[in-house]
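Novice: Sequences listed follow chains A, B and C, in order.
In case it helps, full-length UniProt numbering puts the first sequence at residues 1 to 286.
In case it helps, full-length UniProt numbering puts the second sequence at residues 1 to 355.
In case it helps, full-length UniProt numbering puts the third sequence at residues 1 to 262.
Where is the CB? At the ideal position from N, CA and C, for every residue including glycine.
Because the structure is a prediction, the values reported are computed rather than measured.
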Amino acid sequence: MIRQIAAGLVVAVALAPTAFADTPSRVIAAGGSVAEIIHALGAGDRLIARDTTSTFPPALESLPDIGYVRALSSENLIAMAPDIVIAEHDAGPPEVLDVLQRSGIALVMAPQALDPDGVAAKIDAVATALNLPDAGAALQARVAAQLEQARIAGDALPRSPRVMFILSMQGGRLLVGGAGTSAEAMILLAGGTNAVTALDGYKPLTDEAAIAADPDLILMMDRGGDHAVVLADIIAHPALRLTRAAIDQRIVSMDGLYLLGFGPRTGAAALELNTHLRRLTDEVKG
Amino acid sequence: MVALADTPVLAGDRSIRARRVAFGLAGLLLLTSLLSLSHGASGVRLDLVLQSWLAGHDVPARDWLILWEIRLPRMLTGVLVGASLAVGGAVMQGLFRNPLADPGLVGVGAGAGLGAVLAIVLGGQAPAWVAAWLGWNMVPVAAFMGGWLSTMVLYRVSTRAGRTSTATMLLAGIALGALAGAATGILVYVADDRQLRDLTFWGLGSLGGASWPKIAAAGPVMLLALLAAPFLARGLNGLSLGEAAAHHIGLPVQRVKHVAILTVAAATGAAVAVSGGIGFIGIVVPHLLRLATGPDHRYLLVNAALLGATLLLLADLIARSIIAPAELPIGIVTAVIGAPVFLWILLRRRGLVDL
Amino acid sequence: MLTNRSLHASLGRTAVLHGITTSAAPGRIVAVIGPNGSGKTTLLRAISGDVAYDGRIALDGADLADLKPWELAARRGVLPQAATLAFPFTVAEVVRLGLTSGTQADRSDLIGRALAEVDLTGFSGRYYQELSGGQQARVQLARVRAQVWDPVVAGRPRWLFLDEPVAALDIAHQIGVMRVLRRFADAGGGVVIVLHDLNLAAMVADDVWLIHDGLLLDAGSPARVIGGSALAEAYGCPIVANRLPGPQATFVLPHGLWAAAG
Numbered sequence: 001m002i003r004q005i006a007a008g009l010v011v012a013v014a015l016a017p018t019a020f021a022d023t024p025s026r027v028i029a030a031g032g033s034v035a036e037i038i039h040a041l042g043a044g045d046r047l048i049a050r051d052t053t054s055t056f057p058p059a060l061e062s063l064p065d066i067g068y069v070r071a072l073s074s075e076n077l078i079a080m081a082p083d084i085v086i087a088e089h090d091a092g093p094p095e096v097l098d099v100l101q102r103s104g105i106a107l108v109m110a111p112q113a114l115d116p117d118g119v120a121a122k123i124d125a126v127a128t129a130l131n132l133p134d135a136g137a138a139l140q141a142r143v144a145a146q147l148e149q150a151r152i153a154g155d156a157l158p159r160s161p162r163v164m165f166i167l168s169m170q171g172g173r174l175l176v177g178g179a180g181t182s183a184e185a186m187i188l189l190a191g192g193t194n195a196v197t198a199l200d201g202y203k204p205l206t207d208e209a210a211i212a213a214d215p216d217l218i219l220m221m222d223r224g225g226d227h228a229v230v231l232a233d234i235i236a237h238p239a240l241r242l243t244r245a246a247i248d249q250r251i252v253s254m255d256g257l258y259l260l261g262f263g264p265r266t267g268a269a270a271l272e273l274n275t276h277l278r279r280l281t282d283e284v285k286g
Numbered sequence: 001m002v003a004l005a006d007t008p009v010l011a012g013d014r015s016i017r018a019r020r021v022a023f024g025l026a027g028l029l030l031l032t033s034l035l036s037l038s039h040g041a042s043g044v045r046l047d048l049v050l051q052s053w054l055a056g057h058d059v060p061a062r063d064w065l066i067l068w069e070i071r072l073p074r075m076l077t078g079v080l081v082g083a084s085l086a087v088g089g090a091v092m093q094g095l096f097r098n099p100l101a102d103p104g105l106v107g108v109g110a111g112a113g114l115g116a117v118l119a120i121v122l123g124g125q126a127p128a129w130v131a132a133w134l135g136w137n138m139v140p141v142a143a144f145m146g147g148w149l150s151t152m153v154l155y156r157v158s159t160r161a162g163r164t165s166t167a168t169m170l171l172a173g174i175a176l177g178a179l180a181g182a183a184t185g186i187l188v189y190v191a192d193d194r195q196l197r198d199l200t201f202w203g204l205g206s207l208g209g210a211s212w213p214k215i216a217a218a219g220p221v222m223l224l225a226l227l228a229a230p231f232l233a234r235g236l237n238g239l240s241l242g243e244a245a246a247h248h249i250g251l252p253v254q255r256v257k258h259v260a261i262l263t264v265a266a267a268t269g270a271a272v273a274v275s276g277g278i279g280f281i282g283i284v285v286p287h288l289l290r291l292a293t294g295p296d297h298r299y300l301l302v303n304a305a306l307l308g309a310t311l312l313l314l315a316d317l318i319a320r321s322i323i324a325p326a327e328l329p330i331g332i333v334t335a336v337i338g339a340p341v342f343l344w345i346l347l348r349r350r351g352l353v354d355l
Numbered sequence: 001m002l003t004n005r006s007l008h009a010s011l012g013r014t015a016v017l018h019g020i021t022t023s024a025a026p027g028r029i030v031a032v033i034g035p036n037g038s039g040k041t042t043l044l045r046a047i048s049g050d051v052a053y054d055g056r057i058a059l060d061g062a063d064l065a066d067l068k069p070w071e072l073a074a075r076r077g078v079l080p081q082a083a084t085l086a087f088p089f090t091v092a093e094v095v096r097l098g099l100t101s102g103t104q105a106d107r108s109d110l111i112g113r114a115l116a117e118v119d120l121t122g123f124s125g126r127y128y129q130e131l132s133g134g135q136q137a138r139v140q141l142a143r144v145r146a147q148v149w150d151p152v153v154a155g156r157p158r159w160l161f162l163d164e165p166v167a168a169l170d171i172a173h174q175i176g177v178m179r180v181l182r183r184f185a186d187a188g189g190g191v192v193i194v195l196h197d198l199n200l201a202a203m204v205a206d207d208v209w210l211i212h213d214g215l216l217l218d219a220g221s222p223a224r225v226i227g228g229s230a231l232a233e234a235y236g237c238p239i240v241a242n243r244l245p246g247p248q249a250t251f252v253l254p255h256g257l258w259a260a261a262g
């Protein structure tokens with residue numbers, strides 16, 4: 001009996017690659033920037049489900065939630081009978097991805113992006129997977145133009161302000177974006193300099209190191225709270241209050257996916273951050 | 001407790017009752033296993049698939065895959081892990097003569113956790129041949145090695161001239177746990193954002209990554225521990241009188257302790273390796289069974305395996321369906337159910353020395 | 001026959017027994033007496049196989065060091081001074097633990113009989129932990145008795161080594177337990193019992209070992225040892241020994257209080 005089941009299994013595996021269509025119509029997005037790209041390609045109506053991080057455009061939130069992108073559930077995904085799952089590079093666990101593919105569901109892992117080329121490659125991967133080469137090229141061009149605009153704006157800054165990205169300050173403990181983070185990539189894109197390069201990744205920063213870093217601007221994720229409260233928190237923080245950013249009240253919060261997702265809106269986000277930096281350099285100059 | 005008084009059996013002898021419970025639990029496990037195999041979001045039905053297969057019809061490849069590659073490994077993993085956690089807990093409690101003892105207590109859990117964190121954080125820097133060789137099993141294998149290694153160190157520290165001191169072992173376990181915790185803390189600091197979230201999810205435990213290769217890697221270890229456990233029953237019963245009295249009634253105390261330690265390390269290390277941190281099974285299951293049929297390990301160990309497996313399968317059914325199409329980490333389910341049950345037990349038994 | 005030859009034993013780094021040579025015969029009750037810290041319990045633990053020792057202990061011809069735990073268990077039962085229990089066992093289950101090893105693993109009938117012997121019939125369904133200290137002590141004795149129920153098996157005597165078995169018992173149950181030991185010895189079994197109560201020792205023992213500072217100070221009949229001069233030396237206080245007129249049993253009264261008052 002085991003042998004027969006195994007034989008059935010071999011058949012299943014052999015059949016799998018032929019099972020999906022050329023133009024997939026039932027799509028699951030696993031990753032915020034991927035969902036955003038799918039939508040920007042005009043294929044939002046093909047989405048049947050999305051992961052927890054896929055929050056833009058807001059219409060996505062009415063779709064079923066398949067959970068956290070690194071803890072996907074194999075049978076639940078298969079049960080939704082998608083043609084294709086398009087995932088961020090860090091989706092998992094691997095066992096689940098493996099079974100997905102063997103069940104005949106196409107799986108595309110979009111490459112990680114931390115610069116304009118990366119964003120282009122990511123868009124290309126998604127557009128190819130959806131068999132939308134023209135829409136893909138158009139989106140690539142549009143996003144590339146915005147990114148170029150941001151780059152020019154960044155280069156045009158008279159100097160490169162120091163920006164500190166604070167992921168969280170729970171209980172007054174700072175968790176900041178160090179070298180190699182998407183936050184740093186965004187700061188560079190906008191023409192700024194990461195104020196904290198001594199750390200790799202998102203790491204806790206001591207109060208004294210925060211004072212020494214002395215950012216011109218503090219960048220945070222918009223958590224839907226009142227910006228005034230965030231401001232008050234920073235002004236009251238024993239270390240941050242001593243920084244130039246707090247003294248001049250230069251604190252910017254932006255939506256997390258918009259700021260760090262490296263999807264279609266990355267150019268716009270970089271430009272928005274750039275205008276804050278521009279205002280800062282102009283003021284200091286004047 | 002003395003409902004058997006009308007039979008010729010001596011009052012206070014709960015062995016017949018315990019045997020009946022064993023049969024009941026075995027039936028329950030069988031039912032739960034079938035439920036686990038036949039329930040899933042895809043709606044694939046075990047009975048229909050088997051029917052059409054037996055009738056000689058073709059079964060859709062997708063249905064086979066769901067049954068054979070997703071549900072069956074998951075069910076088997078649930079059974080093995082649930083049984084191992086419960087038996088590991090029961091053996092540990094018997095060894096330490098303390099119903100609150102838990103494999104987490106002697107650093108086995110912490111050591112396994114350190115192994116897993118090491119693999120998650122530094123696995124990317126492992127030599128290519130190691131990565132190719134272990135593949136996805138790097139985390140489970142590292143967790144198992146960590147649990148095993150910490151047990152060995154613990155054993156070396158707390159054993160003098162062939163005698164293991166329980167007190168030393170307990171204290172050394174606390175120290176080892178702190179050490180493993182500190183090492184884990186350093187690694188967590190080194191970890192990047194994504195690895196951190198991996199660690200969190202691993203810590204909560206899940207059967208979501210169940211697969212045949214994982215079962216092949218950790219299954220035999222768990223099976224060995226489960227098969228060894230019944231042979232410990234008389235020894236652990238004797239140890240409940242204390243080590244001296246256990247020797248007086250004819251038990252090779254040192255050997256019992258050695259085998260018990262190895263059993264706990266194997267059961268807990270392998271279970272943690274496969275499924276991450278799943279709490280409360282190891283402490284609640286033996287506790288409930290002691291209330292129901294008494295502390296006699298001849299029945300306690302077998303029943304703990306059956307009940308632990310059943311409960312974990314039920315928890316998994318909840319975990320994978322309650323927020324479908326997403327999946328809840330199973331450790332959350334066992335904690336949400338297990339912790340109140342445990343508190344209730346404590347409340348009910350409060351004031352009794354036997355606890 | 002239980003024989004000890006130049007027995008030395010230590011607890012940690014402290015030498016406790018400094019060379020004890022003595023022997024006990026089956027069919028007789030040996031009481032081990034001596035002041036606190038003299039080494040009585042260590043001596044009992046040595047012959048029970050619990051502590052490492054130098055010298056030689058032989059039980060009916062077999063060297064104690066050569067016997068496996070289960071072989072020992074078939075020859076002797078031990079009642080330690082402080083018996084503990086970790087889990088909520090019932091009384092019946094505790095006594096059953098005595099049947100763990102040896103030839104009588106399937107003799108469940110012994111549970112009821114052993115409980116009856118210590119006057120605990122009807123207690124088998126109770127939780128051990130819910131009993132009084134004295135009742136718990138009797139349950140433990142029943143467990144030990146169940147282990148070596150028959151005083152003689154295949155021509156070889158069996159032994160009971162007991163450390164203060166009656167300390168927690170009321171006087172009626174003290175007598176009851178002593179009767180159990182007497183019957184066991186009369187039927188050919190060997191009994192070695194550590195006792196604090198000199199009068200009880202004088203009453204029940206056939207032989208008395210007086211231990212002092214890890215040495216055997218005196219050994220012999222109760223009349224000789226308890227009535228002798230070594231006793232006051234061992235205990236470091238004047239003790240007056242007397243004899244009951246009827247059964248001619250020895251009894252002692254501490255003398256110091258009257259001496260001080262006088």
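Leaving out five residues on either side along the sequence, give the residues of the same chain with a beta carbon under 8 Å from the beta carbon of B/P286.
Specialist: The beta carbon of B/P286 is closer than 8 Å to those of A86, G89, A90, Q93, P99, L300 and A304 in its chain, skipping five residues each way along the sequence.
Novice: By how many angstroms is the C-alpha of A/I247 removed from the C-alpha of A/R241?
Specialist: Roughly 7 Å separates the two Cα atoms.
Novice: Compare the Cα-Cα distances from B/A335 to each of B/G43, B/L204, B/V256 and B/L76 and report the closest residue.
Specialist: B/L204
Novice: Closest Cβ-Cβ distance between B/I337 and chain C: below 8 Å?
Specialist: So, not an interface residue.
Novice: Alpha carbon to alpha carbon, what distance is there between A/I28 and A/S73?
Specialist: 13 Å
Novice: When burial is assigned at 16 or more other CB atoms within 10 Å of the CB, is A/H227 buried or exposed?
Specialist: exposed
Novice: At 4 residues or longer, and completely inside the region 238-268 of chain A: list those alpha helix (DSSP H) runs for me, N to C.
Specialist: 244-247 and 256-260
Novice: By the three-class DSSP mapping on this structure, what secondary structure does B/V59 have?
Specialist: coil
Novice: Taking 8 Å as the threshold, find out whether the region 151-163 of chain A comes into contact with the region 193-202 of chain A through three or more Cβ pairs.
Specialist: yes
Novice: In the DSSP assignment, the beta strand (DSSP E) including C/W159 goes from what residue to what residue?
Specialist: W159 to D163
Novice: Using a C-beta to C-beta distance shorter than 8 Å, which residues of chain E count as neighbours of C/I111?
Specialist: The structure shown contains no chain E; its protein chains are A, B and C.
Novice: Have a look at B/A273, B/T310 and B/S42 and flag the residue whose alpha-carbon is nearest the alpha-carbon of B/L65.
Specialist: B/S42
Novice: With contact counted as at least three CB pairs below 8 Å, one residue from each stretch, are the region 186-195 of chain C and the region 160-174 of chain C in contact?
Specialist: yes
Novice: Against chain C, does B/I249 count as a neighbour if the rule is that its beta carbon must be under 8 Å from one of theirs?
Specialist: yes
Novice: Measuring only between beta-carbons, confirm whether B/S240 sits less than 8 Å from chain C.
Specialist: yes
Novice: In chain order, what residues of the same chain lie with their CB nearer than 6 Å to the CB of C/T3, ignoring the 5 residues before and after it?
Specialist: S23 and A58
Novice: In the DSSP assignment, find the unbroken beta strand (DSSP E) run with A/I105 in it and report its ends.
Specialist: First-last for A/I105: undefined, no H or E at that position.
Novice: Residues in its own chain within less than 6 Å of C/A92 by CB, not counting five upstream and five downstream?
Specialist: I111 and S124
Novice: By Cβ distance below 6 Å, which residues in the same chain neighbour A/L273 in space, the five residues on each side in sequence not counted?
Specialist: Answer for A/L273: A190, listed in chain order.
Novice: Mind checking which residues open and close the beta strand (DSSP E) that includes C/I239?
Specialist: I239 to R243
Novice: Report the option in C/A230, C/V152, C/V252 and C/A114 whose CA atom is closest to the CA atom of C/R145.
Specialist: Looking at the Cα atoms, C/A114 is the closest of the given residues.
Novice: Let me check one thing: in DSSP terms, what residues is C/V32 bridge-paired to?
Specialist: C/V194 and C/W209
Novice: Is there contact between the region 178-189 of chain B and the region 109-116 of chain B, where contact requires at least three CB pairs shorter than 8 Å?
Specialist: Counting Cβ pairs under 8 Å, three or more are found: they touch.
Novice: Is there contact between the region 205-223 of chain B and the region 8-22 of chain C, where contact requires at least three CB pairs shorter than 8 Å?
Specialist: Touching, no.
Novice: Check the Cβ-Cβ distances between B/G220 and every residue of chain A, and say whether any is below 8 Å.
Specialist: Note that residue 220 of chain B corresponds to Pro in the displayed sequence, not to Gly. It does not; no Cβ of chain A falls within 8 Å.
Novice: With 8 Å as the threshold, decide whether the Cβ of B/A175 is near any Cβ in chain C.
Specialist: no
Novice: If I measure Cβ to Cβ from A/Q140 and keep anything under 7 Å in the same chain, skipping five residues before and after, which residues do I get?
Specialist: A120, I123 and D124
Novice: Just grab the DSSP bridge partners of A/P204 for me.
Specialist: A/L175
Novice: Please report the distance separating the alpha-carbon of C/V32 from that of C/V177.
Specialist: 17 Å
Novice: Does the region 230-249 of chain B touch the region 68-86 of chain C, meaning 3 or more C-beta pairs lie closer than 8 Å?
Specialist: Yes, the region 68-86 of chain C is in contact with the region 230-249 of chain B.
Novice: Would you kindly work out how many angstroms separate the C-alpha atoms of B/A175 and B/A101, rounded to a whole number?
Specialist: 16 Å
Novice: May I ask which residues mark the beginning and end of the alpha helix (DSSP H) holding B/N237?
Specialist: A233 to L239
Novice: Per DSSP, what kind of secondary structure is A/N274 in: helix, strand or coil?
Specialist: It is helical.
Novice: Provide the residue span of the alpha helix (DSSP H) that contains B/T268, from first to last.
Specialist: V253 to S275
Novice: Mind checking who C/Y127 pairs with in its DSSP beta bridge?
Specialist: C/T90
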